[in-house]
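Visitor: Order-wise, the sequence lines are chains X, C, G and R. If you read the first sequence in the working numbering, its first letter stands for residue 1, the second for the next number, and so on. If you read the second sequence in the working numbering, its first letter stands for residue 1001, the second for the next number, and so on. If you read the third sequence in the working numbering, its first letter stands for residue 2001, the second for the next number, and so on. If you read the fourth sequence in the working numbering, its first letter stands for residue 3001, the second for the next number, and so on. The beta carbon of each residue, even a glycine, is placed where N, CA and C say it ideally should be. These numbers come from a predicted model, not from an experiment. Supplied in structure tokens, the structure appears directly below.
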Amino acid sequence: MARLRGTGIAAVNYPTGMNLGGDPSQALIHATTSGSFVVSLSATDLGQGLRTVIGQIAAETLGVEFGEIVIDTADTDTGPHDMGTFASRATHRVGNAVIAAATEARQALLEVAAEELEAAVADLEGDGHGNLMVMGVPARSVRIADIASMAQFKYGRTIAGRGAYMKPKSPVDPETGAMDPDSTEAHACTVAEVEVDTETGEVTVLSIRSAYEVGRQVNPTLVQGQIAGGAWMGMSHALYETTAPYYPAVDHSPRDFSEYLMPGPLEMPEVESVVIEVPSSDGPYGVKGIGEMTANSPIPAIANAIYHATGVRFDDLPITPEKILRGLDAKRSGPS
Amino acid sequence: MASTIVAFELGGREVEVMVKPMTTLQSALRDQLGFTATKEGCRQGGCGSCTVLVNGEPMLSCLLPVEDVAGQRVTTLESLTPAQGLHPLQQAFLDTNAFQCGYCTPGMLMVAKALLDHKPTPDRADITQALTGNICRCTGYGPIVRAIGVAAQAMRSSEEGQAR
Amino acid sequence: MTVRSYFLPRSMPEAFGLLETHGPELLVMAGGTVAMPLMNDGISLPGAVMGLRRAGLDALEVAGGTLRIGATATLTQLLAQPAVPMLREAARNTASWSIRNMGTVGGNLFTPPPGGDVAVALLALDAGVTMAGPRGERVLPLAGFFTGFLTNQLAADELLVEIQVPIRSDPTVFIKFGRKHANTPAVVTVAVRLRWDGAVVADARIALGAVGPHPIRALDAERLLVGTSLEADAIAAAAAAAAQGCEPFTDGIATEWYRRRMTGLFVSRALEQLAQGAEGEGR
Amino acid sequence: MSSDLNVVGHSVQRSDGIGHVTGRTQYTADRSFPGMLHLKMVRSPLHHALIKGIDLSAAERVPGFVRALTARDVPHNRYTILGLIGVEPEEEFVLAEDRVRFKGEAIIAIVAETETAALEAVSKVQLDLEELPAVFDVEEALEPGAPIVTHWGNNTFMFEGHPCRRVRLGDVEQAFQRADYIVEGVYNTSPIEQAPLETTGCIAVPEANGRYTVYTNTQALYFSLDNAAIILQVPGSRLHFVGGTVGGGFGGKVDVIVEPIATLAAMKTNRPVRFTYSRAEEMQVSSTRSAWRIFIKDGVTRDGRIIARKVTSYADSGAYSRQTPYALTKHAANAAGPYAIPNVSIDAYCVYTNRQPTSAMRGFGVTMASFALEVQMDKIAEKVGVDPWTIRFINAYHNGDMKPHRKLVEDATLIETMQSAATLVGHDLPDDLRAMTSAPRDAGHDGGRD
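Okay, here's the thing in structure tokens:
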């Protein structure tokens, strides 16, 4: 029995946003009497943590604590339009819309605070933790929570903001394909290590190690979550998953999770990663989308590692043990 | 097709449901009792998201006629959550980001609870073996395996603290 | 048809009474791990179902050199018993923890391939099955129980009540090879039991799963081993015979070709383990 | 860098975390309403067939049967979700009319008091179908005489007059002549199911004010509402969609499959109606990631520079294209990879077959391009005789380079990302690669481009 080891790499880019643009997101923000801020959206949290990162962006722009933000999504009676959560667009698009709405709300806040502090709006600054003050005079300071309350009961004003973000739709030249298909590009490079059992054709993935460049991490823990989950899905696509096991034949299409193969906890190697940040020009605080791409580079990295281990190329996904065994057989019996 | 009344213990209290024949425990919990922490991911016994404990043992509520648990002790995620705060397993899942969409999380937690009840100091192999019936499409399992280890450690430390 | 009646008999006489009353229309269910998914998906729509979980058939005991396994003893019970190590190994390699808490040993005999891993071990262990019905009880060797894909010797008015496994100290190996390491259908399951006479194999059982319409014996391979000392060429010959003699099928997990190839490989790996074990014990 | 801000860049605890670990988070199917009905579909058992007749009489006798919906009941029986953003043609039906084009295509919706009754009634519907020849391979589908899946006479989606999405930069054929090596590859991938743990589903509830509230796990709330309004031919104001909490999407919940028909059933019965996919439907009926067949031909110089890349891709769209044409455009925009290649030709075909339709999935049009391209890069490295790292550094794009679709590169960090990966795994990069950056190539120097 031989067990062959190999290492493979892959480097990829991934575009942020619906590829031709024209995909708006909007946000409305208003302050409550106690100084919390309700961010109304119709964006969807698929589990990636949209509510959390959008709350962070709103808190950052408003200059309040994260705990003061309430994300209200998704209800078409209360939330303004959003194109949807796909195309690695949500943090970028919704984030930009929320920054716009928060900026407008903050302006309203500053106007009330200026009146209360008897100062000019231009002379006010925030500490990022829920307080506004006259620049250079910390003693003349007021809590945003108090301003929010006063706006309601003393001044009869709204503290609210509207925000929208849309990259205008790009036409495609049908002859040349000239187009503007992205907002920004994130990047990844994965190194995978595998071991191949030459008698069964089984592949054991020993490690998946990646570097990601994602512009700006709003929440590093959630970014790590995407990377770990994506590494698993990439490995799953590379070695296991198919709804047509003998494509293009249509037979034996799976109908449950015992037939639809995906690696389980016993198959998973440790996933290691490093993230670098080079802010994008148009993302909120420099964000680039990372939602989709984390499954991508592991696939060719694993395929290349299998080649490195066996000397046989497998260009059809998924790379099943049977395909590997047949490939190894052909190599043994074929012309050298 | 007359309905019958089935009584069982749910999270320490007696409950009764009136069910048509072959109603699953999953359906009785979710549709009649409003205990929706027990999820419905496949109803084929393949995903583990409906895992509950019957007399302390993990079982799949989608494969159990509720009549089969008459008089038995059923535990769901609802009864794992203490009145104040979180169970150490829940806290560890939260702290280590051991979920994304959260749909598999109740099943994962129930299996983890059963594991730690049986084996308070599991090694990595014990944890991964225990989870092989539960599918997660988001996390890649690593964070879940880590969370259970963290919870076991926390529970031991807390017991040692109490012993002192 | 929407299930009109679900019966949960509390004793065997009650179960037989229900079977007699309702006849073959009554779907008999043990752990439900195979039947329930089909009902949930509307593929199977029986009018009446009898569940055996409370019928008192789940005893598991050693008596007179035999492990007697009630038909509804769970795979978890099987995993816990110390008498027959190969059955522990088979249970450990079947499904997941929750399923093992529900699935039964008897039910495993009715699970279509590529399922039915425990049945493969039972076959290698010369297990017998007891069926009971209006004409009384009868015992068959498991080897004679299966008659085809999803067919067997059980009459419509009978229930499988017990499985008997002779307790022997013979060396055994159980290997389930699937596309994953746990909770996955078999590409092939191999269960081998040998009886040594000094340095020579006196008797051999090789049972295979997922490479036939039901768990099968590799009879040619068994014969080839008798009288050998598991030398490399003897192992190779037996593995080749097992691969040639099996009847694999193609499904979404593996092709016929791959299953046959893996049958040879894992019979060979199982025998190599036994040969090494024999060396270790100084044979 | 993240520390220069107060909240952004910090790993605050997820705001929905407590709900997830206590099971209190409410997903679509966790809701239930008094009098709620259940909807199940009668689906085609054949891959391609004419519908000659439907007999509902036995189904109607099933206890608990409430009603059936057929194509005639659907006000605008066209399912063209990208019509909202101007993509044509209208090709798919909400419920099949006279023909089914894939196994599992929806024909009749059955609404019943219980899920079991609905399933039983579905099993009792008699379909009279006349089987037609079917095609399952993208290249076979393009051959003369192949069974035609669409209603317009060939099996390709038309992109503004072309049977494929084209990208052209420079002159690949001429560059192939000058190349020292030609490296060719063919890559195949299988269809893949998104497999979110929560299956696609919704509950449509009639409200006292004449509106309908639809609780749904769609990934795109307004997109679903707007499409449902078109299919139901009602003003959008009659519909109220509630969602936002989804048990995994991965692209599988961007189709607007369940909401229109569940809402129609609620309208017809004046009762809440739940329509949730079974796991088997999710796998065998719902849209998958397309299978791809990708041909790559590269012209490479002796020193490892790719001077020409020709890509011909076929996405197996299945019987209907849904979001797949958009994936083809995204694919075409990315099919040369993150590399600076002066001569590029890309033809990306969206091909119809009698397979389960395809639509969005994580990595939409790019995942499989990345697979093909990155394996191809290794083949080029081997041919040229350099290591897999070096070939990628030699060809990596820089800011200011022109992509094949003629947009200038702005946010390139491929080089820096590869350098970080090398450090992570302890791979020793030669000094010249270690020193490279994605900065624009020197003015007056073409950066090695041909």
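Are the CB atoms of A2221 of chain G and I2206 of chain G nearer to each other than 7 Å?
Guide: Yes, the Cβ-Cβ distance between A2221 of chain G and I2206 of chain G is below 7 Å.
Visitor: When DSSP labels each residue in this structure, what does F2174 of chain G get in the three-state scheme?
Guide: If DSSP states are grouped into helix, strand and coil, F2174 of chain G belongs with the strands.
Visitor: If you follow the alpha helix (DSSP H) that I3391 of chain R is in, where does it begin and where does it stop?
Guide: Start and end: 3388-3395.
Visitor: Are any of the Cβ atoms in chain C nearer than 7 Å to that of N2108 of chain G?
Guide: So no, N2108 of chain G is outside the interface.
Visitor: For a contact defined as C-beta to C-beta under 7 Å, what are the partners of M18 of chain X on chain B?
Guide: Of the protein chains in the structure, X, C, G and R, none is chain B.
Visitor: How many angstroms separate the CA atom of V2028 of chain G from the CA atom of M2102 of chain G?
Guide: One C-alpha to the other measures close to 15 Å.
Visitor: Any idea if G1107 of chain C is buried or exposed, counting beta-carbon neighbours within 10 angstroms, 16 or more meaning buried?
Guide: Buried.
Visitor: Give a yes or no on whether the C-beta atoms belonging to A1002 of chain C and L1053 of chain C are separated by under 7 Å.
Guide: No, they are not a contact pair.
Visitor: Mind checking the region 1137-1153 of chain C against chain X and listing, in chain order, the residues whose C-beta falls within less than 9 Å of any C-beta there?
Guide: Result list: R1137, C1138, T1139, G1140, Y1141, G1142, P1143, I1144, V1145.
Visitor: Helix, strand or coil: which one does DSSP assign to E3416 of chain R?
Guide: Helix, per DSSP.
Visitor: Which one or two residues does DSSP pair with I9 of chain X in a beta bridge?
Guide: Answer by DSSP bridge pairing, in chain order: X:V191.
Visitor: Our contact map puts V3246 of chain R next to A3262 of chain R with C-beta atoms below 8 Å; I'd like the distance itself, whole angstroms only.
Guide: The pair is not a contact, with the Cβ atoms about 17 Å apart (cut-off 8 Å).
Visitor: Kindly indicate which three-state DSSP category D3450 of chain R falls into: helix, strand or coil?
Guide: Any reading at D3450 of chain R is ruled out, since the residue's pLDDT is 42, under 50, leaving its predicted position unreliable.
Visitor: Using beta carbons (cut-off 7 Å, strictly below), is A3421 of chain R in contact with chain X?
Guide: So yes, A3421 of chain R belongs to the interface.
Visitor: Give me the Cα-Cα distance between Q224 of chain X and E259 of chain X, rounded to the nearest whole angstrom.
Guide: Cα-Cα distance, rounded: 30 Å.
Visitor: Could you name the residues of the region 3180-3202 of chain R whose beta carbon sits closer than 7 Å to any beta carbon of chain C, in the order they occur along the chain?
Guide: Listed by position along the chain: A3195, P3196, L3197, E3198.
Visitor: Would the beta-carbon of G230 of chain X be found less than 6 Å away from any heavy atom of the ligand NAD?
Guide: Because no ligand of any kind appears in the structure shown, any question about the ligand NAD cannot be addressed here.
Visitor: From the DSSP output, which residues share a beta bridge with G2128 of chain G?
Guide: G:P2141, G:Q2164, per the DSSP bridge assignment.
Visitor: Per DSSP, M1018 of chain C is paired with what?
Guide: DSSP output for M1018 of chain C lists C:I1005 as bridge partner(s).
Visitor: Suppose you measure from the CA of C1062 of chain C to the CA of V2226 of chain G; what does that come to, to the nearest Å?
Guide: Each residue's Cα considered, the two are about 48 Å apart.
Visitor: Taking Cβ-Cβ distances shorter than 7 Å, what residues in chain C pair up with Y3027 of chain R?
Guide: Here the neighbours are Y1103.
Visitor: Examine chain G for any beta-carbon lying closer than 7 Å to the beta-carbon of H252 of chain X, and answer yes or no.
Guide: Chain G, which has a Cβ nearer than 7 Å to the Cβ of H252 of chain X, makes this yes.
Visitor: Buried or exposed for M135 of chain X, going by 16 or more other Cβ atoms inside 10 Å?
Guide: So M135 of chain X ends up on the exposed side.
Visitor: Return the bridge partner residues of N3334 of chain R from the DSSP annotation.
Guide: Bridge partners of N3334 of chain R: none, in fact.
Visitor: Going along the chain, which residues of the region 3112-3143 of chain R sit with their C-beta nearer than 9 Å to a C-beta in chain G?
Guide: Those residues of the region 3112-3143 of chain R that come within reach of chain G (Cβ to Cβ, closer than 9 Å) are T3114, E3115, T3116, A3117, A3118, L3119, E3120, V3122, S3123.
Visitor: Is there a C-beta anywhere in chain C that falls below 7 Å from the one on M268 of chain X?
Guide: Yes, contact with chain C.
Visitor: By the DSSP assignment, the alpha helix (DSSP H) with H3240 of chain R in it spans what residues?
Guide: H3240 of chain R -> not in any alpha helix (DSSP H); beta strand (DSSP E) instead, spanning 3239-3242.
Visitor: With a threshold of 7 Å between beta-carbons, can K3330 of chain R be considered close to chain X, or not?
Guide: True, the Cβ-Cβ gap to chain X drops below 7 Å.
Visitor: Is there a Cβ from chain R that is less than 7 Å from the Cβ of F153 of chain X?
Guide: Not one chain R Cβ lies under 7 Å of F153 of chain X.
Visitor: Tell me whether Q26 of chain X is buried or exposed, calling it buried when 16 or more other Cβ atoms sit within 10 Å of its Cβ.
Guide: Buried.
Visitor: Looking at A3291 of chain R: is its Cβ nearer than 7 Å to the Cβ of D3255 of chain R?
Guide: Not closer than 7 Å, so no.
Visitor: Counting only the same chain and skipping the five closest in sequence on each side, list residues whose C-beta sits under 8 Å from that of L4 of chain X.
Guide: Only E195, V196, T198, A309, T310 meet the Cβ criterion.
Visitor: Any beta carbon of chain G sitting closer than 7 Å to that of E195 of chain X?
Guide: No, E195 of chain X lies away from the interface with chain G (no Cβ there is under 7 Å from its Cβ).
Visitor: Please return the same chain residues whose Cβ sits closer than 8 Å to the Cβ of A2095 of chain G, not counting the five positions on each side in sequence.
Guide: Correct list, in chain order: T2033, L2075, G2103, N2183.
Visitor: Which residue's Cα is closest to the Cα of Q3323 of chain R: R:R3362, R:T3312, R:S3345, R:S3015?
Guide: Comparing Cα-Cα distances from Q3323 of chain R to each of R:R3362, R:T3312, R:S3345, R:S3015, the minimum goes to R:R3362.
Visitor: So, with DSSP's three-state summary, where would you put V3074 of chain R?
Guide: Here V3074 of chain R sits in coil by DSSP.
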